[in-house]
Amino acid sequence: MDYKVDEAMELFVLLKNSDARVAKNGKRFLSITFEDESGEISGMYWDANDADVAAFVPGKVVKLNGKRELYQGKAQVKIQKLRLATDSEPNDPSYFVPHAPEKRKSIQEEIETFLFDITEPTWNRIVRNLLQKHGEAFYTYPAAKTNHHAYAGGLSFHTLSILRLAKAVVNEYPGINAPLLYAGAILHDIGKTTELSGPVSTQYTTTGNLLGHISIIDGEIVSACDELKFDPQGQAVVLLRHMVLSHHGLMEYGSPVPPHMLEAEILHHLDEMDASIMMVQNALKNTPNGQFSERIFGLDNRTFYKE
């Protein structure tokens, strides 16, 4: 949200999240995340009644009046007035969803060029099979509910960013298995098309909450092997599965196994670096020069200085 601290806000926005909670005084309130193409911001709607809880649900467009503030180092909006958008006002949720900074066609075309560099036939056929299966969703879904690349097309743009970084690493250091690195990069987050609900008011699905995208994509690689008549325990497939299973780096971060191959270690660090850069850049957008950003939850609640 492109507003400065203490600046008045009056705009139409999408309700990305809206959770009914109870305050210490026993009164209900809504913890809301608002979203438009410029980003998102959270706020509390106090003294919510039954009608408010029923009306202000994720996916609805509302007219918001308020003021941007800082609370414990994080930006939020002090809600002064909130109502649903009418039929004569902007009310299409898709208009308020942020989009990737590059066009879908160019992202797709560039990702497809990397397929020709995956020269190992088993990896190539598995990657092509899963890209075709996930089709539309891969190029329209976000890469996350919050934190990084949380916009329409964010999943494919994040993937392309990692592929570009991977290519630079391959050109810099000898001895890297480029086909394996590229195959792992393309598949590492593709399970998020099942883990997440979509680009509008993104939520975790039941399957996503219960399994997570890492387990989901490993299972899909095995299913692709059944379809393509590959042995899921064969050497080539096991190497590819390790790439996706280890890309979060540590078991406490969701990977059932840490990286045990150079290519897996590279993928983990490129994934972490791309996500971190995006989180910092987003936080610095509304930070005045010479000041520190709001706290970034995904980076240990650190603040970052804008020179």
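Read in order, the letters of the sequence shown correspond to residues 966 to 1272 in my numbering.
C-beta atoms are modelled at their ideal positions from N, C-alpha and C, and glycine is treated no differently.
For clarity, every value in this text was computed on a predicted model and none was experimentally measured.
Practice task
Below 6 Å CB to CB, which residues in the same chain sit around glutamate 975 once its five sequence neighbours on both sides are set aside?
Solution key: For the purposes of this step, residue 975 is taken as the residue at position 10 of the sequence shown. Asn1030, listed in sequence order.
Exercise for the section: Taking glutamate 1075 as part of the beta strand (DSSP E), name the residues at either end of that continuous run. Expected result: Counting from one through the sequence shown, the residue named residue 1075 turns up at place 110. It is not in any beta strand (DSSP E) - glutamate 1075 instead sits in the alpha helix (DSSP H) that spans 1069-1080.
Practice task
Have a look at the DSSP bridge pairing and note the partners of histidine 1234.
Solution key: The residue given as residue 1234 occupies position 269 in the sequence shown. Histidine 1234 pairs with nothing; no bridge assigned.
Practice task
Specify whether the stretch 1066-1082 and the stretch 1048-1056 touch according to this definition: at least 3 beta carbon pairs, one from each stretch, less than 8 Å apart.
Solution key: Too few Cβ pairs lie closer than 8 Å, so no.
Practice task
Kindly confirm or deny that the stretch 1088-1101 and the stretch 1139-1152 touch, where touching means at least three C-beta pairs closer than 8 Å.
Solution key: Under the Cβ criterion (8 Å, minimum of three pairs), the stretch 1088-1101 counts as touching the stretch 1139-1152.
Problem - Delimiting residues of the alpha helix (DSSP H) encompassing serine 1188 - result: By 1-based counting over the sequence shown, the position of residue 1188 is 223. Start and end: 1171-1193.
Practice task
Locate the alpha helix (DSSP H) running through phenylalanine 1122, then write down its first and last residues.
Solution key: The residue labelled residue 1122 in the question sits at position 157 within the sequence shown. First-last of the alpha helix (DSSP H) with phenylalanine 1122: 1119-1137.
Exercise for the section: May I ask you to list the residues that DSSP assigns as paired with glutamine 1041? Expected result: In the sequence shown, counting from the first residue as 1, residue 1041 sits at position 76. Beta-bridge pairing by DSSP links glutamine 1041 to Ser1007, Glu1034.
Exercise for the section: Identify the continuous beta strand (DSSP E) that holds glutamate 975 and give its terminal residues. Expected result: For the purposes of this step, residue 975 is identified with residue 10 of the sequence shown, where counting begins at 1. Segment 973-987, the beta strand (DSSP E) holding glutamate 975.
Handout entry: Nearest candidate by alpha-carbon position, reference arginine 993, set Phe1262, Ala1016, Val978
Key = Start at 1 with the first residue of the sequence shown, and residue 993 comes out as number 28. Considering only alpha carbons, the answer is Ala1016.
Practice task
Verify whether the separation of the beta carbon atoms of isoleucine 1127 and leucine 980 is less than 8 Å.
Solution key: Here residue 1127 is taken as the residue at index 162 of the sequence shown, counted from 1. Here residue 980 is taken as the residue at index 15 of the sequence shown, counted from 1. When the beta-carbon positions are compared, isoleucine 1127 and leucine 980 stay at least 8 Å from each other.
Handout entry: C-alpha distance - alanine 988 paired with asparagine 1014, whole-angstrom precision
Key = On the sequence shown, residue 988 is found 23 positions in, with the first residue counted as 1. On the sequence shown, residue 1014 is found 49 positions in, with the first residue counted as 1. Approximately 13 Å, taken between the alpha carbons.
Problem - Straight-line Cα distance separating leucine 995 from tryptophan 1011 - result: Looking up residue 1011 in the sequence shown gives position 46. Looking up residue 995 in the sequence shown gives position 30. Pairing tryptophan 1011 with leucine 995, the inter-Cα distance amounts to about 7 Å.
Exercise for the section: With DSSP as the reference, please indicate the residues paired to arginine 1267 in a beta bridge. Expected result: Along the sequence shown, read from residue 1 onward, the residue named residue 1267 stands at position 302. By DSSP's assignment, arginine 1267 forms a beta bridge with Ile1261.
Problem - Test item: CB-CB of lysine 1157 and leucine 1120 under 8 Å - result: As a first step, residue 1157 is located in the sequence shown; it is residue number 192 there, counting from the start. As a first step, residue 1120 is located in the sequence shown; it is residue number 155 there, counting from the start. A distance below 8 Å separates the beta carbons of lysine 1157 and leucine 1120.
Practice task
May I ask you to report which of helix, strand or coil DSSP gives serine 1166?
Solution key: The residue given as residue 1166 occupies position 201 in the sequence shown. Here serine 1166 sits in coil by DSSP.
Handout entry: Residue from Val1222, Gln1168, Ser1059 with nearest C-alpha to threonine 1111
Key = One-based indexing of the sequence shown puts residue 1111 at position 146. Residue Gln1168 is the option with its Cα nearest to threonine 1111.
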